[in-house]
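J.: In our numbering, the protein residues as written are 34 to 115. My questions all concern the structure below.
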């Protein structure tokens with residue numbers, strides 16, 4: 034799967050804004066990915082935000098999938114695993 038962002042610029046390598054290296058040993062990062070049309074990705078992010086699952090600001094900018102009409106957006110969140 035190849036990704037392009039706004040005319041072929043490589044996607045940013047930085048994690049989403051709320052990702053933090055400061056966490057307890059019982060926490061683990063969970064990565065969430067949504068891939069669909071831009072409209073569907075935006076709608077799913079809004080629905081997850083309205084359900085208080087993950088804030089819209091925690092998602093990466095949508096990145097176009099090369100040779101496709103779809104985009105992908107990624108979020109990362111720390112959760113307790115014990």
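All residues carry an ideal CB built from backbone N, CA and C; glycine is no exception.
Report the partner residues of residue 113 according to the DSSP bridge assignment.
T.: Counting from one through the chain shown, the residue named residue 113 turns up at place 80. In DSSP, residue 113 forms a bridge with 60.
J.: For residue 108, name the three-state secondary structure that DSSP assigns.
T.: By 1-based counting over the chain shown, the position of residue 108 is 75. It is a strand residue.
J.: I think residue 63 touches residue 112, with their Cβ atoms under 8 Å apart; what is that distance to the nearest whole Å?
T.: Here residue 63 corresponds to residue number 30 of the chain shown, with the count starting at 1. Here residue 112 corresponds to residue number 79 of the chain shown, with the count starting at 1. The pair is a contact, with the Cβ atoms about 5 Å apart (cut-off 8 Å).
J.: Applying the 10 Å Cβ sphere with the 16-neighbour rule, what's the burial state of residue 106?
T.: Position 73 of the chain shown, counted from the first residue, corresponds to residue 106. So residue 106 counts as buried.
J.: Give the DSSP-derived three-state secondary structure of residue 96 in the structure shown.
T.: Here residue 96 corresponds to residue number 63 of the chain shown, with the count starting at 1. Of the three classes helix, strand and coil, the one that applies to residue 96 here is strand, per DSSP.
J.: Quick check on the burial criterion: 16 or more other C-beta atoms within 10 angstroms. Buried or exposed for residue 57?
T.: One-based indexing of the chain shown puts residue 57 at position 24. Answer is exposed; the Cβ neighbour count stays below 16.
J.: Looking at C-alpha atoms only, which residue of 82, 79, 98 is the closest neighbour of residue 68?
T.: Mapped onto the chain shown, residue 68 falls at position 35. Here the closest residue by C-alpha is 98.
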